[in-house]
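Comments concern the structure below.
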Amino acid sequence: MEQVKTKKPISISEVKEILEKVDIESMDQIQRWTYDYVSKFVKIDPKVAKKMREQLIKECELTTEEAAEIVNIRPTTLAELRSFTFGWKKLILA
Numbered sequence: 740m741e742q743v744k745t746k747k748p749i750s751i752s753e754v755k756e757i758l759e760k761v762d763i764e765s766m767d768q769i770q771r772w773t774y775d776y777v778s779k780f781v782k783i784d785p786k787v788a789k790k791m792r793e794q795l796i797k798e799c800e801l802t803t804e805e806a807a808e809i810v811n812i813r814p815t816t817l818a819e820l821r822s823f824t825f826g827w828k829k830l831i832l833a
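Per the working numbering, residue 740 is the first one in the sequence shown, and the count goes up by one each step.
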């Protein structure tokens with residue numbers, strides 16, 4: 740079993756990019772399930788997702804975890820965004 744070198748929140752787009760580098764035949768069951776899941780739900784390019792995450796951290800003062808969650812969910816309205824940030828005690832002004 741491989742050791743964890745670093746641990747950080749990433750978007751599902753970035754997860755897909757990482758798993759695409761692994762031969763599907765050598766994946767274990769959890770990796771395969773994860774790959775199937777992200778393949779169905781990824782909507783944006785991993786580079787765009789990473790840039791969005793970094794921008795949210797820098798400009799909106801969100802944590803890495805919060806920014807990754809927003810990138811994954813991609814809220815389409817301000818009300819939808821506020822429903823997430825309210826739970827984090829963050830105020831989003833229009």
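Where is the CB? At the ideal position from N, CA and C, for every residue including glycine.
Check                                                                                                                                                    : Outcome
Alpha carbon to alpha carbon, how far is residue 805 from residue 783?                                                                                   : 18 Å
Report, in whole angstroms, the separation of the C-beta atoms of residue 749 and residue 807, which I expect to be a contact under 8 Å.                 : 6 Å
Buried or exposed for residue 817, please, with buried defined as at least 16 other CB atoms from any protein chain shown within 10 angstroms of its CB. : exposed
Taking the beta carbon of residue 822 as the centre, do at least 16 other beta carbons fall within 10 Å, making it buried, or is it exposed?             : exposed
Rounding to the nearest angstrom, what Cα-Cα distance links residue 771 and residue 759 in this structure?                                               : 11 Å
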